[in-house]
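The sequence shown begins at 5 in the numbering used here and counts up one residue at a time.
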Amino acid sequence: MAGVALSDVTKRFGTVQAVSHVSLHVEEGEFFSLLGPSGCGKTTMLRMLAGFISPTAGSISIGGINVTELPPEKRDVGIVFQNYAIFPHMNVYDNIGFGLRMRKVARPELDRRVRAALEQVGLRGYEKRYQREMSGGEQQRVALARVLVTQPRILLLDEPLSALDKKLREEMKYWIRDLHAQLGITAIYVTHDQGEALTMSDRIAVMRNGAVEQVGTPREVYEQPQTHFVTDFIGESNILPARVLEVDHEYVRLTLAGFSVMAQRRDVSAGQQVSLVVRPEHVVLGLDAERRDLNQLTGRVTKELYHGSLIRYELQVGEQSLVAESQNTLEQQVFPLGAEISVGWYPSSCSLLLD
Ligand SMILES: Nc1ncnc2c1ncn2[C@@H]1O[C@H](COP(=O)(O)OP(=O)(O)OP(=O)(O)O)[C@@H](O)[C@H]1O
Ligand SMILES: [Mg+2]
């Protein structure tokens, strides 16, 4: 086991800058995700970590040792790809043992390790099966066992669930998360699926155009996105133009659609134009009394959409439109179209964007 550090890593392919000046530190034992849209450089990052390609500039270290110039086989890194990559002409046992046979591991040791890996991925009894006799999820578990059997210090996973159907993907993401907790291995997981990254990761790096835009825990990137891109990419948000009125040691006071609202302090100054971000599920509707702890505005209901477990409202607040989602519980009031209602949120549940 070991941590991973990237220092100012850049990768160019001809004129394409696939990765730009990335510096990251992944802690030992952490489940760390690289999240971003197609083409943002995620696979390129993994290929550099595995040693299949070299950075154009910058350095990579694993367990405190500079591995930038080391070939893949000297790095103790295992990689699982999107499309299983298991050999169709070999049974499960031989697939998993393949890497060990290549390394000339003696038969009894090989047998012990293959069986242990099968146990780890919950496939005991599958030794003699072939690829065509297994579901996609089982094949992906064989692919994972094939990597785990080599006892890598770092586990790299490149969109390992994207070839599976939705239901299986849901199951597998909890399964991988639990397996990681048992093994305690450092894992770097690539995905473009924000839901996957949020549920599985200890921390997430959100990438865009080869660069890292924000690094944080799932809660941090979801609740305190630092840029427009991160805000837009992760979940739905209200992004509302606002102007700073004053800044004190704890809060920023702003004017938004003619109302005065508070947000947590950021480095801004009076008069500055910013965007205030509030998630739909953090908007509280129909407050019946003056609540000094909440930002309180007034809006008119312009749309109501029933989603089963929640109800989604669109509101007009001054010149701005705002989306709110309420849990569909027995206690929750229902608001008719056209109703003028109070709209609020806690200063701690909104954030400011400066870009
Ligand atoms: N060998 C290569 N030669 C030239 N360009 C490349 C090469 N490999 C990747 N690229 C380019 O680098 C950029 C990043 O590619 P990469 O495969 O890392 O993206 P990704 O984030 O993994 O995308 P996806 O989610 O679609 O898998 C893309 O613009 C891609 O076209
Ligand atoms: Mg990729």
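Quick reminder that beta carbons are idealized off the backbone N, C-alpha and C, glycines included.
Query, Result
"Whether Gln198 touches Leu39 by CB criterion (8 Å)", "yes"
"Contact shell at 7 Å, judged by CB to any heavy atom of ligand 2, ordered along the chain", "Lys46, Thr47, Asp162, Glu163, Val194"
"Ser325 beta carbon less than 8 Å from that of Ile315", "no"
"8 Å Cβ cutoff met for Thr3 and Pro59", "Absent from the structure is residue 3, since the part of the chain shown begins at 5 and ends at 359."
"Cα-Cα separation, Arg269 to Arg257", "9 Å"
"Coarse secondary structure for Lys3, derived from DSSP in three states", "Residue numbering for the chain in the displayed model covers 5 to 359; residue 3 lies beyond these limits and cannot be assessed."
"Heavy atom of ligand 1 within 7 Å of Phe36 beta-carbon", "no"
"Cys44 beta carbon near ligand 1 (any heavy atom closer than 7 Å)", "yes"
"Check: Phe233 C-beta below 7 Å from any heavy atom of ligand 3", "Ligands displayed in this structure: ligand 1 and ligand 2; ligand 3 is not among them."
"Leu319 beta carbon less than 8 Å from that of Val305", "yes"
"Leu172 versus Asp206: straight-line alpha-carbon distance, rounded", "22 Å"
"Residue environment, His184, which counts as buried when at least 16 other CB atoms sit within 10 Å", "buried"
"Continuous beta strand (DSSP E) stretch holding Tyr317: start and end", "314-321"
"Closest by C-alpha distance to Arg296, when choosing among Glu308, Ser264, Gly312, Glu250", "Ser264"
"As assigned by DSSP and simplified to three states, the class of Glu308", "strand"
"Counted within 10 angstroms of its Cβ, other Cβ atoms place Lys170 as buried (16 or more) or exposed", "exposed"
"Contact between the segment 232-244 and the segment 75-83 (3+ Cβ pairs under 8 Å)", "no"
"Distance cut-off 7 Å: Gly40 Cβ against heavy atoms of ligand 1", "yes"
"Among Met266, Gln336, Val347, Tyr310, the one whose alpha carbon lies nearest that of Leu356", "Met266"
"Three-state secondary structure (DSSP) of Tyr193", "strand"
"Check: Gly18 C-beta below 7 Å from any heavy atom of ligand 1", "yes"
"Any non-hydrogen atom of ligand 1 closer than 7 Å to Val196 Cβ", "Position check: residue 196 holds His in this sequence, whereas Val was assumed. Yes, the beta carbon of His196 sits closer than 7 Å to at least one heavy atom of ligand 1."
"Three-pair Cβ contact test at 8 Å for the segment 233-253 versus the segment 279-299", "yes"
"Nearest-angstrom Cβ-Cβ length linking Met176 and Gly141, presumed shorter than 8 Å", "6 Å"
"Short Cβ contact (8 Å threshold) for Val347 with Leu289", "yes"
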